[in-house]
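Student: Please see the structure below; I have some questions.
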Amino acid sequence: MKSPIVKPTVFSHRYHDIFLSILPNPRLRLIQMCVFELQWEEVSIMDEKNIPIRTYQVCNVLEPNQNNWLRTDWIPRSGAQRVYVEVKFTLRDCNSLPGVTGTCKETFNLYYHESNDDRESYIKDSSFIKVDTVAADESFTQVDVGDRIMKLNTEVRDVKVTTRKGFYLAFQDVGACIALVSVRVFYKTCPLTVRNLATFPDTVTGADTSSLVEVRGSCVNQSEEKEEPKMYCGADGEWLVPIGGCHCNPGYEEKSGACKACAVGFYKAKVSDAGCSKCPPHSHSVREGATVCTCHSGYFRAETDPASMACTQPPSAPQQLISAVNETSVVLEWSPPHRLGGRTDTSYSLDCLICETGSQSQTLCLPCGPDVLISPGWSGLKTTRVVVSELRAHTHYTFIIHAHNGVSQASGAGAGQSASVTVTTNQAGEKECVSSDVTRHSLLLSWQQPDRPNGVILEYEVKFYEKDQRERSYRIMRTLSRSADVTGLNALTEYVFHVRARTAAGYGEFSAPFEFSTNSDPFPLIGEGVNSALLLLSVSGVGILLLISTAVFIISRRYAHTHTHNRVKIYVDPFTYEDPDQAIHEFAKEIDVSNIHIERVIGMGEFGEVCSGRLRVQGKREIYVAIKSLKAGYSDKQRRDFLSEASIMGQFDHPNIIRLEGVVTRSHLCSITTCLCVHIVHLLCLYFKLSLPLQKHDGQFTVIQLVGMLRGIASGMKYLSDMSYVHRDLAARNILVNSNLVCKVSDFGLSRVLEDDPEAAYTTRIPIRWTAPEAITYRKFTSASDVWSYGIVMWEVVSYGERPYWDMNNQDVIKAIEEGYRLPAPMDCPMVLHQLMLDCWERDRAERPTFSQILNMLDKLIRNPGTLRVGSEVCVSVVPEVCVPEWSVCEWLQAIGMERYRDTLAAAGYTTLDSLLSLTHQIGIITLAHQDIIIASVQHEMLSQMQHIQNRMVPV
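Note that UniProt numbering gives residue 572 to position 572 of the sequence shown, counting from 1, and the numbers run on in steps of one.
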């Protein structure tokens with residue numbers, strides 16, 4: 001049977017373009033196929049749409065051993081490493097052909113041959129390489145042809161072509177009835193794409209089906225590499241594994257895979273910024289693609305300011321500059337500028353000038369020499385207070401305080417806004433004081449205004465006393481004018497006067513002393529016509545007055561002696577004194593400021609800085625002290641409150657009460673409290689708030705140590721109670737403790753607050769968790785309410801600083817206490833201690849123990865540590881009946897703080913308490929004192945057990 005010859009479809013580049021244009025994700029390219037005729041026939045047929053098409057056919061099925069070939073023209077490879085051949089064909093079912101026995105086939109073979117040119121007109125069959133045997137998925141019969149049913153098969157095979165510039169394809173028929181409808185040759189590429197702002201070109205896939213082609217991308221316009229952009233082109237034409245990328249240059253941001261310029265009013269400063277940002281306050285941009293915004297007029301940006309920071313201004317001048325002169329030193333204080341310019345880096349610098357008046361009344365100012373010292377420094381100051389020392393006496397100085405910030409230099413105001421003050425090292429009040437109109441009991445005093453008062457003078461203060469009293473008893477007068485009418489003086493008495501002025505900066509120094517005498521008695525002298533009877537009467541009266549005065553003096557001395565020795569000292573409220581200076585000199589010792597050396601600031605108090613330093617007292621060893629200062633610019637009320645607190649502390653002298661060494665009222669140091677380190681001179685023994693070491697060393701103290709601390713607190717409170725002083729704020733935070741666990745009661749300020757404003761104090765200052773119910777409800781503060789607070793302190797100590805009532809709010813605490821709730825025993829708390837707490841928390845304050853009873857109770861517990869065993873059955877009250885437990889040697893040693901000898905005694909065979917009575921020093925006890933402590937404590941325990949047994953044998 002002769003094979004029909006039909007020319008297959010030829011795919012042109014244009015058709016490929018059209019074909020590609022309608023694909024949703026094109027990845028195919030067509031290669032033009034050239035066709036030649038060989039043993040195949042080109043035939044025209046009708047497709048399923050009744051449209052004529054051209055095909056190559058062959059149908060030699062009756063003859064055996066068919067070998068019919070159809071070959072294409074030379075096909076250029078075009079850079080492809082693997083090409084794909086798509087064949088569309090129809091094939092006749094052999095069973096539908098009558099008379100065919102064994103010669104009909106239903107497959108054909110696909111071959112290829114690589115070549116560098118298209119000049120090979122004849123190619124041997126053996127030169128072709130077989131790609132595959134192609135079989136039909138569907139075949140047709142004669143009936144199908146009659147019904148015009150086109151059963152078209154499509155098969156795709158891939159061929160690796162990498163060694164020549166092009167290739168030929170060949171189709172071998174071995175005895176099938178087949179028609180080739182179309183042959184399409186293509187290769188795959190990864191298409192042009194943009195990923196992470198990098199462009200990846202159209203890339204041909206690799207030769208192998210599993211190969212990945214690495215492709216380096218190039219950054220899009222107005223961008224730069226962040227990390228080398230790479231992707232891999234897969235064999236199926238898909239991009240895989242994007243690595244790295246680019247980011248847009250400053251002034252540009254990413255939009256739709258490209259870098260677009262920032263709009264007007266926006267900027268981008270760095271490539272790492274996510275996108276364009278709106279210009280910060282007080283700045284603008286006038287063009288697209290801005291990398292920084294320009295500051296508005298009058299606003300600036302420092303070199304170190306980021307572009308995102310708002311433009312700012314230099315600060316205004318410092319405010320309220322005041323000075324305080326103390327001989328050859330000056331303290332300068334000021335307030336921050338009213339306008340900080342929108343910045344937080346304000347600093348200050350200081351200029352010092354010596355100003356002198358020349359011969360032509362011209363003031364000449366020169367910089368101070370290097371011998372002038374300024375603490376903390378001349379420039380870069382963050383504080384608003386400096387101390388200038390080593391000045392020359394009787395010299396006029398001008399100090400200029402400059403305010404700076406980060407843009408002061410950029411704005412051209414390098415020196416910064418400034419405020420100045422001129423002072424003189426002459427003390428205020430040194431002007432001559434004049435007395436006129438002197439009478440028997442009064443005199444009129446006048447004086448001149450100081451040369452440099454450091455502000456507007458608000459008032460003058462006159463201090464005077466009898467000369468022979470030497471300032472032991474003085475009086476104070478205040479006046480708004482430069483004169484004072486002093487009355488109530490004794491006749492024919494010499495008085496000493498001091499005057500000082502007060503401005504907003506505070507009081508200046510008192511003037512040098514001025515002495516004036518009052519007039520004598522107005523009676524004339526004897527011999528000048530005085531009546532003799534009158535003279536006799538006067539002399540007799542004077543004698544009687546002398547006798548009465550002598551008797552009163554003797555009686556008062558005896559009463560004073562009896563009062564001092566037979567009665568406890570009673571606390572005197574300093575607020576009963578009209579003049580706080582009188583109270584402070586009554587209860588506190590004045591200290592010369594030259595004996596104090598300040599070393600460093602350790603904190604801030606309510607009225608000013610708290611410093612540490614040393615106090616040198618003539619004839620005594622130097623001690624370390626804490627110094628509380630009253631800051632400049634204080635009010636009269638602040639000064640009174642400050643001195644009153646010192647007046648309270650000055651009345652106390654007890655080892656468990658913080659001690660007042662003295663006060664300094666002639667400088668800025670106002671109260672000094674000692675740290676009480678007197679054992680080693682060079683060791684600074686610091687006291688800490690009790691709650692801090694308790695929390696830091698949780699569970700590390702022995703029960704005896706805890707009870708010892710409680711005993712010290714109780715001893716101090718008994719002293720205060722005996723003086724009829726009510727603390728009102730007893731809590732662990734107001735107990736100071738040192739490394740030797742010595743506790744001292746401190747902080748006597750709450751009583752002053754409650755005296756000043758009870759209503760405000762009640763709502764803002766009363767510590768509800770520590771305060772007795774009657775003090776909360778009725779504001780009834782007594783020693784009994786302090787006992788309630790002491791019970792809370794006991795709970796704090798045994799719980800190692802835990803917060804009383806935990807996270808309950810104040811209202812819940814008050815309600816719980818009213819309903820009878822009391823704090824439970826802390827972990828590992830001996831029952832005897834918790835019972836003592838409960839006694840302190842009795843609702844009826846008359847049922848609570850006194851501090852004297854508490855102290856006695858704690859002393860008994862310390863002498864008998866067996867009662868402090870955790871979980872022991874102890875029948876306790878204020879005067880407990882001890883139920884003695886059975887102790888092991890290990891437990892006993894731990895209770896008395898001698899657990900270090902536990903293993904030594906166990907190895908020596910001491911297993912019971914009574915065996916310890918025969919303890920000897922030879923077994924390894926370090927000192928005889930420790931041996932005595934162990935034996936004595938055991939003896940006391942044995943005696944207690946015997947007494948306990950006897951008590952139980954007594955019939956009820």
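Ideal placement from N, C-alpha and C gives every residue a C-beta, glycine not left out.
Quick one: what's Ser-277 bridged to in DSSP?
Tutor: Tyr-267
Student: When the Cα of Ile-598 is compared with those of Lys-628, His-585, Lys-620, which residue comes out closest?
Tutor: The candidate whose alpha carbon is nearest that of Ile-598 is Lys-628.
Student: Beta-carbon separation of Ile-570 and Val-707 under 8 Å?
Tutor: no
Student: Thinking C-beta only, is Ser-644 closer than 8 Å to Ala-588?
Tutor: no
Student: Would you tell me roughly how many angstroms separate the C-alpha atoms of Val-753 and Thr-771, rounded to the nearest one?
Tutor: With a pLDDT of 47 at Val-753, under the threshold of 50, the predicted position of this residue should be treated as unreliable, though the coordinate-derived value follows. Their backbone Cα atoms lie some 16 Å apart in a straight line.
Student: Between Arg-216 and Ser-139, which are expected to be in contact by the criterion C-beta below 8 Å, what is the C-beta distance as a whole number of angstroms?
Tutor: The C-beta distance from Arg-216 to Ser-139 rounds to 50 Å, too long to fall under 8 Å, and the pair is not in contact.
Student: Do you know how far the Cα of Thr-72 is from the Cα of Ile-84?
Tutor: Correcting the residue identity first, residue 84 is Tyr in this sequence and not Ile. Between Tyr-84 and Thr-72, the C-alpha separation is close to 15 Å.
Student: Between Ala-906 and Arg-845, is the Cβ-Cβ spacing less than 8 Å?
Tutor: No, the pair does not count as a contact, with Cβ atoms beyond the cut-off.
Student: For a minimum of 4 consecutive residues, which ranges assigned as the alpha helix (DSSP H) are wholly contained in the region 105–168?
Tutor: Whole alpha helix (DSSP H) segments, 4+ residues: 142–146.
Student: Would you say the region 391–404 touches the region 327–337, given that touching needs at least three Cβ pairs under 8 Å?
Tutor: yes
Student: So, does the region 244–253 touch the region 211–230, judging by three or more C-beta pairs under 8 Å?
Tutor: Contact between the region 244–253 and the region 211–230 is present: three or more C-beta pairs spanning the two stretches fall below 8 Å.
Student: Rounded to whole angstroms, what is the Cα-Cα separation between Val-664 and Asp-592?
Tutor: 7 Å
Student: Going by beta carbon distance, what residues of the same chain come within less than 6 Å of Asn-116, once the five residues before and after it are set aside?
Tutor: Arg-164, Lys-165
Student: How is the beta strand (DSSP E) around Tyr-187 delimited, first residue to last?
Tutor: 178–190
Student: Cα separation between Leu-492 and Val-438?
Tutor: 11 Å
Student: Does any C-beta atom of chain C lie closer than 8 Å to the C-beta of Glu-155?
Tutor: Absent from the structure: chain C. Only one protein chain is present.
Student: Is it right to say Asp-208 is buried, meaning 16 or more other beta carbons lie within 10 angstroms of its own, or is it exposed?
Tutor: exposed
Student: When the Cα of Asn-740 is compared with those of Trp-378, Ser-721, Phe-701, which residue comes out closest?
Tutor: Phe-701
Student: Closest by CA to Arg-478, which one among Ser-888, Ile-374, Leu-458?
Tutor: Out of Ser-888, Ile-374, Leu-458, Leu-458 has the C-alpha closest to the C-alpha of Arg-478.
Student: What did DSSP end up calling Leu-20 once you bin it into helix, strand or coil?
Tutor: Confidence is the limiting factor: at Leu-20 the pLDDT is only 28, short of 50, which leaves the residue's position unreliable and the question unanswerable from this model.
Student: Cβ atoms of Phe-108 and Val-134: under 8 Å apart, would you say?
Tutor: yes
Student: Between the region 808–828 and the region 716–730, do at least 3 Cβ pairs fall closer than 8 Å?
Tutor: no
Student: Evaluate the contact criterion for the region 177–187 versus the region 55–69: three or more CB pairs, one atom per stretch, below 8 Å.
Tutor: yes
Student: Would His-697 be called buried (16 or more neighbouring beta carbons within 10 Å of its own) or exposed?
Tutor: exposed
Student: Between Glu-759 and the rest of its own chain, which residues show a CB-CB distance below 6 Å, the 5 nearest in sequence each way excluded?
Tutor: For Glu-759, the predicted model reports a pLDDT of 44, less than 50, meaning its position is unreliable and no value from the coordinates is stated.
Student: Compute the Euclidean distance between the alpha carbons of Ser-277 and Ser-347, then round it to the nearest angstrom.
Tutor: 31 Å
Student: Report all residues from its chain with a CB closer than 7 Å to the CB of Lys-382; omit the five preceding and five following residues, and keep chain order.
Tutor: Ser-347
Student: Return the CA-CA distance between Arg-119 and Ile-51, expressed in angstroms with no decimal places.
Tutor: Their Cα atoms are separated by approximately 36 Å.
Student: Whole angstroms is fine: what's the gap from Asp-636's alpha carbon to Cys-311's?
Tutor: 43 Å
Student: Am I right that Val-737 and Phe-688 are in contact with their C-beta atoms under 8 Å? What's the rounded C-beta distance?
Tutor: 6 Å
Student: Inspect the CB distances between the region 287–307 and the region 257–277 and report whether three or more fall short of 8 Å.
Tutor: yes
Student: Pop quiz: Thr-205 and Gly-251 are said to be a contact at Cβ under 8 Å. What is the actual Cβ separation, rounded to whole angstroms?
Tutor: The Cβ separation is near 39 Å, so there is no contact.
Student: Where do the N-terminal and C-terminal ends of the beta strand (DSSP E) with Pro-693 fall, by residue?
Tutor: That residue, Pro-693, is in no beta strand (DSSP E); its alpha helix (DSSP H) goes 691–696.
Student: For Glu-303, is the classification buried or exposed, using 16 other Cβ atoms within 10 angstroms of its Cβ as the cut-off for buried?
Tutor: Label assigned to Glu-303: exposed.
Student: Applying the 10 Å Cβ sphere with the 16-neighbour rule, what's the burial state of Asp-641?
Tutor: In summary, Asp-641 is buried, with 16 or more beta-carbon neighbours lying within 10 Å of its beta-carbon over all protein chains present.
Student: Which of helix, strand or coil does DSSP assign to Ser-96?
Tutor: helix
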